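First up is the structure itself, then whatever we jot down about it.
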Amino acid sequence: MVNLLLIILLPLLGFFVNALVGKKLPKSVSGGFASLMIFIPFVISTSYFVGFVNGSQQKLDIDIYNWIAFGDFKITFGLLLDQLSATWLMVVTGIGFLIHLYSISYMHDDEKFHNFFSYLNLFIFFMLLLVLGNNFLITFIGWEGVGLCSYLLIGFWFKNQDYNNAAKKAFVMNRVGDLGFLLGIFFILYYLKTLNFTQLQAVNLELLPHGLIVAITMLLFVGAIGKSAQIPLYTWLPDAMAGPTPVSALIHAATMVTAGIYMLVRANFLFIHAPETMMIVAAIGAATAIFAATVGVLQNDIKKVLAYSTVSQLGLMFLALGVGAFTSGVFHVVTHAFFKACLFLGSGSVIHALHGEQDIRNMGGLKKWMPITFWTFLISSLAISGIFPFSGFFSKDEILASAFEHNKVLWVVASLASLLTAFYMFRLVFLTFTGNFRGIEEQKHHLHESPALITIPLIILAVLAAVGGAMGLPEFLGFHHWLKGFLSPVLATNPHAEAHGLSHSTELMLMGGAFAGAVASIAYAYIKYVKGGALPANDGEESGVGKLVYNKYYIDEIYNALFVKPSLLLSDFGHSVIDNKVVDGIVNFTGKASLIIGSQVRKIQSGYIGFYLLAMVLSMVAIFVYSFMITG
Amino acid sequence: MLLNIFNTIPIQYYIMVSAVLFSIGVMGVLFRRNAIIIFMSIELMLNAVNLLLVAFSSYHNDASGQVFVFFVMAVAAAEVAVGLAILVTIFRNVHSVDIDELKNLKW
Numbered sequence: 000m001v002n003l004l005l006i007i008l009l010p011l012l013g014f015f016v017n018a019l020v021g022k023k024l025p026k027s028v029s030g031g032f033a034s035l036m037i038f039i040p041f042v043i044s045t046s047y048f049v050g051f052v053n054g055s056q057q058k059l060d061i062d063i064y065n066w067i068a069f070g071d072f073k074i075t076f077g078l079l080l081d082q083l084s085a086t087w088l089m090v091v092t093g094i095g096f097l098i099h100l101y102s103i104s105y106m107h108d109d110e111k112f113h114n115f116f117s118y119l120n121l122f123i124f125f126m127l128l129l130v131l132g133n134n135f136l137i138t139f140i141g142w143e144g145v146g147l148c149s150y151l152l153i154g155f156w157f158k159n160q161d162y163n164n165a166a167k168k169a170f171v172m173n174r175v176g177d178l179g180f181l182l183g184i185f186f187i188l189y190y191l192k193t194l195n196f197t198q199l200q201a202v203n204l205e206l207l208p209h210g211l212i213v214a215i216t217m218l219l220f221v222g223a224i225g226k227s228a229q230i231p232l233y234t235w236l237p238d239a240m241a242g243p244t245p246v247s248a249l250i251h252a253a254t255m256v257t258a259g260i261y262m263l264v265r266a267n268f269l270f271i272h273a274p275e276t277m278m279i280v281a282a283i284g285a286a287t288a289i290f291a292a293t294v295g296v297l298q299n300d301i302k303k304v305l306a307y308s309t310v311s312q313l314g315l316m317f318l319a320l321g322v323g324a325f326t327s328g329v330f331h332v333v334t335h336a337f338f339k340a341c342l343f344l345g346s347g348s349v350i351h352a353l354h355g356e357q358d359i360r361n362m363g364g365l366k367k368w369m370p371i372t373f374w375t376f377l378i379s380s381l382a383i384s385g386i387f388p389f390s391g392f393f394s395k396d397e398i399l400a401s402a403f404e405h406n407k408v409l410w411v412v413a414s415l416a417s418l419l420t421a422f423y424m425f426r427l428v429f430l431t432f433t434g435n436f437r438g439i440e441e442q443k444h445h446l447h448e449s450p451a452l453i454t455i456p457l458i459i460l461a462v463l464a465a466v467g468g469a470m471g472l473p474e475f476l477g478f479h480h481w482l483k484g485f486l487s488p489v490l491a492t493n494p495h496a497e498a499h500g501l502s503h504s505t506e507l508m509l510m511g512g513a514f515a516g517a518v519a520s521i522a523y524a525y526i527k528y529v530k531g532g533a534l535p536a537n538d539g540e541e542s543g544v545g546k547l548v549y550n551k552y553y554i555d556e557i558y559n560a561l562f563v564k565p566s567l568l569l570s571d572f573g574h575s576v577i578d579n580k581v582v583d584g585i586v587n588f589t590g591k592a593s594l595i596i597g598s599q600v601r602k603i604q605s606g607y608i609g610f611y612l613l614a615m616v617l618s619m620v621a622i623f624v625y626s627f628m629i630t631g
Numbered sequence: 000m001l002l003n004i005f006n007t008i009p010i011q012y013y014i015m016v017s018a019v020l021f022s023i024g025v026m027g028v029l030f031r032r033n034a035i036i037i038f039m040s041i042e043l044m045l046n047a048v049n050l051l052l053v054a055f056s057s058y059h060n061d062a063s064g065q066v067f068v069f070f071v072m073a074v075a076a077a078e079v080a081v082g083l084a085i086l087v088t089i090f091r092n093v094h095s096v097d098i099d100e101l102k103n104l105k106w
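In structure tokens, the structure reads:
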């Protein structure tokens, strides 16, 4: 139990140390300490994880203390460690540690170096709290906490107003989702009387009205939509790329945005009783996957492409959850964490080498100067595109197969999305790393491979991205799907599950089809951008559909017109009319009225004592007369 | 013997004398300009009230009214001491005890 507490408390300690005295420490100590505060939890997590794998570790459900208690109702501050949270622990601490290492080098010249590490540690703390909480409320604390850290880190370079706006946008859009999550928690508390995951699992949901479960799951899903950037609340994620690149890798690709998926899997016992919600989850997931993938095709900012790719991959994960393939969703979360973190860190390496250049139209040919970055980026791109035998191939294929089994339309949409993924990822690879350098001479002169602290995390992540698929080798080929067995204690059995599975030949065909499609997409990208030497059009030169896609379907503009403008107008009205006129008017009137009355009444105080005496006598006479009239 | 004379006078006469004295006091307060005279008029009012208290005390055969009068006289003596001291100070500063001159006590 102490170990479990250490896992969450060490990052908190790191936060306090760096926040309070970090400024006085040398950068290497500040960054090194922060990394150590993640590395120790990683070691502990690994020991737990290994314990789960070989069966020696039992599920831990510890109530540390009673947090809110009255009558027979109580909410405890408790931690839950099972296979699911152990999996997430590994991802959060493992990738978190690598990204801490990377940041030591990446952020080295930043004046707020220690602030960055304190925020990162705080983020890890909240993320671990989210993952380890044994009831919805603890999870919610972590949920809000990571949102806060996300805000702080997106706006880390707050001297740039655009970055500030991006941070605010992320925060506000997350609030919308959080409201849904919170309402869902209230519903659960009111109707099911407990928030504890273990106790909730024991509740017989068949006794509850079906509509209620649908409502609860829908509200929880709204929370997930906000946090995991699904339609319609996804627009904050691409803007969140304003943060430093390690932040994009850690928070906006590998960990925080998968919190929505974690929560859905955690609450799977609720969701399987609400097929309607599951259908909506799958539909929104598929829609987001294809939508974001199309936008990704025409973006020119290296991080924006990756951002839309993240949104799209998150959509695929929700699709998996929606069709009841919880294991596949988790599988894709893990593999995605590997290759997407690697891709973001790789892009960070490129941006670092080019001194802040992010536009792929000004890159090209970097393979020559940055071989390690290139190869790791390539491996991760192969993984995300679903090329055998890299990790993404297995996880994505599982999702596609589950979708095919469930609903052919979803399968078609998801397949198209993954074809597009392969295309835009290799468009990115080719434009960045092959051909001739298109930047200015000055940049070319300074081109260099990044230092070891940057390349080592890249290499580790690339290796994981390459072999991570081993966690879930397909069963129909005679392999043992390890992750499925591993997670099975966490997942409730679905009463609505359709019994039929896919035949081996169908699965094999799907697999081959997806693989061939990905290869074809890559080949098309190769022909277009390497052989053809095509370059993306300059800003404002697109036309027709291209222009529409390049401008992200004008969704931001539409949201601006629909929500931002009206609320600005409302605020303006509140400011200029309600506050300035009504509220200030009442306050000023009170003051002015007493001034006016006072200026008249003060004339009575003339200073003539004779007048005072007369007034006194007359008043007394008046009082006597009055009281005699009344009392008779 | 003298007490008998007082007892033979009906209570209404005491009330009338007292009312007249009180009214003279009020008039003095209202119409005189000299602060010392105003002061004396106030004493007159106090004594009018004292007279009334004693008369009723005797009329009702109840000594508490006379006890009251002792208190009133004690307080009046103290008040006179303070009031005259203030008047002396005012006179030293302003060289006047005319209340029309003393009108600086305003906003």
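Residue numbers (numbering that gives the first Met the number 0), protein chains in the order written: chain A, 0 to 631; chain B, 0 to 106.
Ideal placement from N, C-alpha and C gives every residue a C-beta, glycine not left out.
Being a predicted model, the structure only gives us computed values, none of them experimental.
Got a sec: is the Cβ-Cβ distance from Ile67(A) to anything in chain B below 9 Å? Closer than 9 Å: no.
Candidates Ala416(A), Trp410(A), Asn406(A), Phe376(A): which alpha carbon is nearest Val428(A)'s? When only C-alpha atoms are compared, the closest one is Phe376(A).
In terms of residues, what are the limits of the beta strand (DSSP E) holding Gly467(A)? It is not in any beta strand (DSSP E) - Gly467(A) carries neither H nor E in the DSSP assignment.
Local Cβ density within 10 Å of Ala498(A), reported as buried at 16 or more and exposed below that: Caution applies to Ala498(A), whose pLDDT of 46 falls short of 50 and renders its modelled position unreliable; the model cannot decide the point.
Run down chain B in chain order and give the residues with a C-beta less than 9 Å from the C-beta of Ile608(A). What Ile608(A) touches in chain B: Ala34, Ile37, Ile98, Asp99, Leu101, Lys102, Leu104.
By the 9 Å beta-carbon criterion, what residues does the region 78-89 of chain B contribute toward chain A? Residues passing the 9 Å Cβ filter: none.
Tell me whether Met508(A) is buried or exposed, calling it buried when 16 or more other Cβ atoms sit within 10 Å of its Cβ. The Cβ neighbour count for Met508(A), taken over all protein chains shown within 10 Å, is under 16; the residue is labelled exposed.
Check whether Asn267(A) and Leu490(A) have beta carbons under 9 Å apart: Closer than 9 Å, so yes.
Name the chain A residues whose beta carbon is nearer than 9 Å to that of Leu29(B)? When 9 Å is used as the limit between beta carbons, Leu29(B) is near these residues of chain A: Gly609, Leu612, Leu613, Val616, in chain order.
Amino acids of chain A, ordered along the chain, whose beta-carbon sits closer than 8 Å to that of Val25(B): Result: Val616.
Does the beta carbon of Phe32(A) sit closer than 9 Å to a beta carbon anywhere in chain E? Given the protein chain composition of this structure (A and B), no chain E is represented.
Leaving out five residues on either side along the sequence, give the residues of the same chain with a beta carbon under 8 Å from the beta carbon of Ile10(B). For Ile10(B), the CB contacts under 8 Å within the same chain, skipping 5 residues up- and downstream, are Ala54, Phe55, Tyr58 in chain order.
Euclidean distance between Cα positions of Ile35(B) and Ala77(B): Taken atom to atom, the span from the alpha-carbon of Ile35(B) to that of Ala77(B) is near 16 Å.
Are Leu446(A) and Ala352(A) touching if we call contact CB-CB under 9 Å? Cβ atoms of Leu446(A) and Ala352(A): closer than 9 Å.
Name the DSSP beta bridge partners of Leu79(A), please? Under DSSP, Leu79(A) shares a beta bridge with Asp60(A).
Glu78(B), enclosing alpha helix (DSSP H) - first and last residue: Glu78(B): member of the alpha helix (DSSP H) spanning 63-93, first to last residue.
Nonlocal neighbours in the same chain, by C-beta distance under 6 Å from Ile94(A), ignoring five residues either side: Take Ile94(A), set aside five residues on each side of it, and the residues of its chain with a beta-carbon closer than 6 Å to its own are Ala253, Ala336, Ala340, in chain order.
Proximity winner among Tyr190(A), Leu561(A), Ala85(A), relative to Phe72(A) (alpha-carbon distances): The alpha carbon of Phe72(A) has as its nearest neighbour, out of Tyr190(A), Leu561(A), Ala85(A), the alpha carbon of Tyr190(A).
Under 8 Å from any heavy atom of the ligand HEM, does the C-beta of Arg31(B) make it? With respect to small molecules bound, the structure shown includes none, and the ligand HEM cannot be examined in it.
9 Å Cβ cutoff met for Leu88(A) and Phe48(A): Contact annotation: Leu88(A) and Phe48(A) have beta-carbon atoms nearer than 9 Å.
What separation, rounded to the nearest whole angstrom, lies between the Cα atoms of Leu430(A) and Pro237(A)? So the alpha carbons of these two residues sit roughly 20 Å apart.
Does Gly531(A) come out as helix, strand or coil in the three-state DSSP assignment? Gly531(A): coil per DSSP, three-state reduction.
DSSP state of Ile603(A) mapped onto helix, strand, coil: If DSSP states are grouped into helix, strand and coil, Ile603(A) belongs with the helices.
Would Leu320(A) and Val264(A) be called neighbours here (beta carbons separated by less than 9 Å)? Taking 9 Å as the Cβ cut-off, Leu320(A) and Val264(A) qualify as a contacting pair.
Taking the beta carbon of Met240(A) as the centre, do at least 16 other beta carbons fall within 10 Å, making it buried, or is it exposed? The residue in question, Met240(A), is buried, as its Cβ has 16 or more Cβ neighbours within 10 Å.
Beta-ladder partner(s) of Ala68(A), from DSSP: Bridge partners of Ala68(A): Lys73(A).
Does the beta-carbon of Thr492(A) have 16 or more other beta-carbons within 10 angstroms, so that it is buried, or is it exposed? Thr492(A) should be labelled exposed.
Would you tell me roughly how many angstroms separate the C-alpha atoms of Lys22(A) and Leu119(A), rounded to the nearest one? Here the alpha carbon of Lys22(A) sits roughly 16 Å from the alpha carbon of Leu119(A).
Can you tell me where the alpha helix (DSSP H) with Lys407(A) in it begins and where it stops? If you look at Lys407(A), you'll find it in the alpha helix (DSSP H) that goes 407-432.
Look at Thr197(A) and Leu79(A) and say whether their C-beta atoms are less than 9 Å apart. Yes, these two residues count as a Cβ contact at 9 Å.
Roughly how many angstroms separate the alpha carbons of Leu151(A) and Ser117(A), rounded to a whole number? In this structure, the straight-line span from the alpha carbon of Leu151(A) to that of Ser117(A) is close to 11 Å.
Looking at the C-beta of Ser95(B), does it have a partner C-beta in chain A at a distance below 9 Å? Interface annotation, Ser95(B): not in contact with chain A, CB-CB separation never under 9 Å.
Selection from Ser44(A), Phe115(A), Leu127(A) that minimises the alpha carbon distance to Gly77(A): Ranking the options by Cα distance to Gly77(A), first place goes to Leu127(A).
CB contact flag (Glu247(A), Lys158(A), <9 Å): It should be pointed out that residue 247(A) corresponds to Ser in this sequence rather than to Glu. In this structure, Lys158(A) does not lie closer than 9 Å to Ser247(A) by Cβ.
Use the C-beta contact count for Gln599(A): other C-beta atoms within 10 angstroms, 16 or more gives buried, fewer gives exposed. Exposed is the call here.
Can at least three beta-carbon pairs, one atom from the region 132-150 of chain A and one from the region 22-33 of chain A, be found at a separation below 8 Å? Segments in contact, no.
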